[in-house]
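Engineer: Taken in sequence, the protein lines are chains A and B.
Mapping to my numbering: the first sequence position 81 is 81, numbers consecutive.
Mapping to my numbering: the second sequence position 126 is 126, numbers consecutive.
If you scroll down you'll find the structure; I have some questions about it.
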Amino acid sequence: MPEPKDTLHDLFQAAGHAAPDTDLTDRIMARVAVTPLLRPTPVKPILGRGAWIGIILLTAAVLLWGLLGSANTEAASGPVSDAWRTVSSALPSSGNWALWLAGLSASLLVLAAVDRVLAGRHRSI
Amino acid sequence: MHPVDHSTIIQRILGGDSRAYAELVRHYQRMVYTVCFRVLRNAQDAEEATQDSFVKAYQHLAGFGGNAKFSTWLYSIAYRTAISHGRKRRDGEGSVDELPHHPAADPDTSGQRSEVRQLLDHALAQLDPEDASILSFFHLEELSVEEIVTITGLGASNVKVRLHRARKKLLDVVQATYGTEAQRLILDHA
Numbered sequence: 001m002p003e004p005k006d007t008l009h010d011l012f013q014a015a016g017h018a019a020p021d022t023d024l025t026d027r028i029m030a031r032v033a034v035t036p037l038l039r040p041t042p043v044k045p046i047l048g049r050g051a052w053i054g055i056i057l058l059t060a061a062v063l064l065w066g067l068l069g070s071a072n073t074e075a076a077s078g079p080v081s082d083a084w085r086t087v088s089s090a091l092p093s094s095g096n097w098a099l100w101l102a103g104l105s106a107s108l109l110v111l112a113a114v115d116r117v118l119a120g121r122h123r124s125i
Numbered sequence: 001m002h003p004v005d006h007s008t009i010i011q012r013i014l015g016g017d018s019r020a021y022a023e024l025v026r027h028y029q030r031m032v033y034t035v036c037f038r039v040l041r042n043a044q045d046a047e048e049a050t051q052d053s054f055v056k057a058y059q060h061l062a063g064f065g066g067n068a069k070f071s072t073w074l075y076s077i078a079y080r081t082a083i084s085h086g087r088k089r090r091d092g093e094g095s096v097d098e099l100p101h102h103p104a105a106d107p108d109t110s111g112q113r114s115e116v117r118q119l120l121d122h123a124l125a126q127l128d129p130e131d132a133s134i135l136s137f138f139h140l141e142e143l144s145v146e147e148i149v150t151i152t153g154l155g156a157s158n159v160k161v162r163l164h165r166a167r168k169k170l171l172d173v174v175q176a177t178y179g180t181e182a183q184r185l186i187l188d189h190a
């Protein structure tokens, strides 16, 4: 706040507001009369919380299945290890696929966070 | 200016009574016009920017969350609209007569006030338009630095520096150009 004994402050206060034409209110209201009110459309995240939890659980299950499967695949036999062999034969041979899955999970989490932050920002505008 | 119950008026407008907006327009038009005039320095452009500001504010009234004061929200729209008009004018028309000019009909302009206003208009015309607006927010509306930060979108330290420099420059201009006349006008008006 300006100090009370301030020459510039006194000058501004003495001058007051600039004065528009007297019919400005009427001209504004004439434009307002033909202007629609914009109602903000509620923005929801692309995927709901439940969907994201499902994706994360599914990814974690696949990751766990892969880790356990790769550890037991040579020794064990049965429907789970057979399924694992089918999946692992379809995966590219180069690189560590478990790392790829971990990266995918992290990316999904980041996308979920960004999605929610953007929705929150839109609400606060 | 009499106090205005913003929330009641806004609720009425959002409920479909667009005429209630006239009360907000009447209450704030002089300050909004002043902000636009300080940036644009031309009465016709300032009136256009004032109209646009109020229409924009009306359109987006439902989005006014009430987190800030209504006046701060409105001034922010006015300031940005005026800056945008100024840019368009510079890009489109090149040089424009920027001598301060106000419409002749001003119902509450006494001779004395008019003289002080002319003096201030001429002195502020020597400053950067954005600095002139910041000075008006600070000295005329008595807004805090935090409110000016919200309105202009500038950083707090930037606002403080601009305020300091603009005050110094304006004081120099007033003293160099008008000297004791400014002091006399202020004292006479008080």
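The beta carbon of each residue, even a glycine, is placed where N, CA and C say it ideally should be.
(1) Could you list which residues in chain A have their beta carbon closer than 8 Å to that of glutamine 59 of chain B, in chain order?
(2) The alpha helix (DSSP H) with tyrosine 21 of chain B in it runs from where to where?
(3) Could you run through the segment 95–123 of chain A and flag, in chain order, every residue whose CB is less than 8 Å away from some CB of chain B?
(4) Using only alpha-carbon positions, find the residue among A/Ala112, A/Val117 and A/Phe12 that is nearest to glycine 54 of chain A.
(5) Suppose you measure from the CA of isoleucine 10 of chain B to the CA of glutamine 51 of chain B; what does that come to, to the nearest Å?
(6) If you draw a straight line from the alpha carbon of histidine 85 of chain B to that of valine 32 of chain B, how long is it in whole angstroms?
(7) List the residues of chain A whose Cβ lies closer than 8 Å to the Cβ of threonine 8 of chain B, in chain order.
(8) Once you ignore the five residues that flank aspartate 17 of chain B on each side, which residues in its own chain have a CB closer than 6 Å to its CB?
(9) Does the segment 73–89 of chain B come into contact with the segment 35–47 of chain B, if we say contact requires no fewer than three beta-carbon pairs (one atom in each stretch) closer than 8 Å?
(10) Exposed or buried, glycine 16 of chain A, counting other C-beta atoms within 10 Å across all chains shown (16 or more means buried)?
(11) Below 7 Å between beta carbons: does that hold for tyrosine 75 of chain B and tyrosine 21 of chain B?
(12) Using a Cβ-Cβ distance under 7 Å, would leucine 127 of chain B count as near chain A?
(13) Answer yes or no: does any C-beta atom of chain A fall closer than 7 Å to that of arginine 80 of chain B?
(14) Please classify tryptophan 73 of chain B: is it buried, with 16 or more other beta-carbons within 10 angstroms of its beta-carbon, or exposed?
Structural biologist: On the basis of the data shown:
(1) Taking the second sequence and counting its residues from 1, the one referred to as residue 59 of chain B is at position 59. Near glutamine 59 of chain B (Cβ distances below 8 Å), the residues of chain A are Thr35, Pro36, Leu37 and Leu38.
(2) Sequence index remark: in the second sequence, residue 21 of chain B carries index 21 (1-based). Looking at the DSSP string, the run of the alpha helix (DSSP H) that includes tyrosine 21 of chain B is 21–40.
(3) none
(4) As a working mapping, residue 54 of chain A is identified with position 54 in the first sequence. Checking every option, the nearest Cα to that of glycine 54 of chain A belongs to A/Ala112.
(5) Within the second sequence, residue 10 of chain B is the residue found at index 10, counting from 1. Within the second sequence, residue 51 of chain B is the residue found at index 51, counting from 1. Rounded to the nearest angstrom, the two C-alpha atoms are 18 Å apart.
(6) As a working mapping, residue 85 of chain B is identified with position 85 in the second sequence. As a working mapping, residue 32 of chain B is identified with position 32 in the second sequence. About 14 Å.
(7) Within the second sequence, the letter at position 8 stands for residue 8 of chain B. By Cβ distance, chain A contributes nothing, its closest Cβ being about 17 Å from threonine 8 of chain B, past 8 Å.
(8) As a position in the second sequence, residue 17 of chain B is number 17, starting the count at 1. Contacts found: none.
(9) yes
(10) In the first sequence, residue 16 of chain A corresponds to position 16, counting from 1. Classification for glycine 16 of chain A: buried.
(11) Counted from its first residue, the second sequence places residue 75 of chain B at position 75. Counted from its first residue, the second sequence places residue 21 of chain B at position 21. Going by C-beta atoms, tyrosine 75 of chain B is not nearer than 7 Å to tyrosine 21 of chain B.
(12) Sequence index remark: in the second sequence, residue 127 of chain B carries index 127 (1-based). Cβ-Cβ to chain A under 7 Å: no for leucine 127 of chain B.
(13) One-based indexing of the second sequence puts residue 80 of chain B at position 80. Judged by the 7 Å Cβ criterion, arginine 80 of chain B is not in contact with chain A.
(14) Start at 1 with the first residue of the second sequence, and residue 73 of chain B comes out as number 73. Its Cβ being crowded by 16 or more others within 10 Å, tryptophan 73 of chain B is buried.
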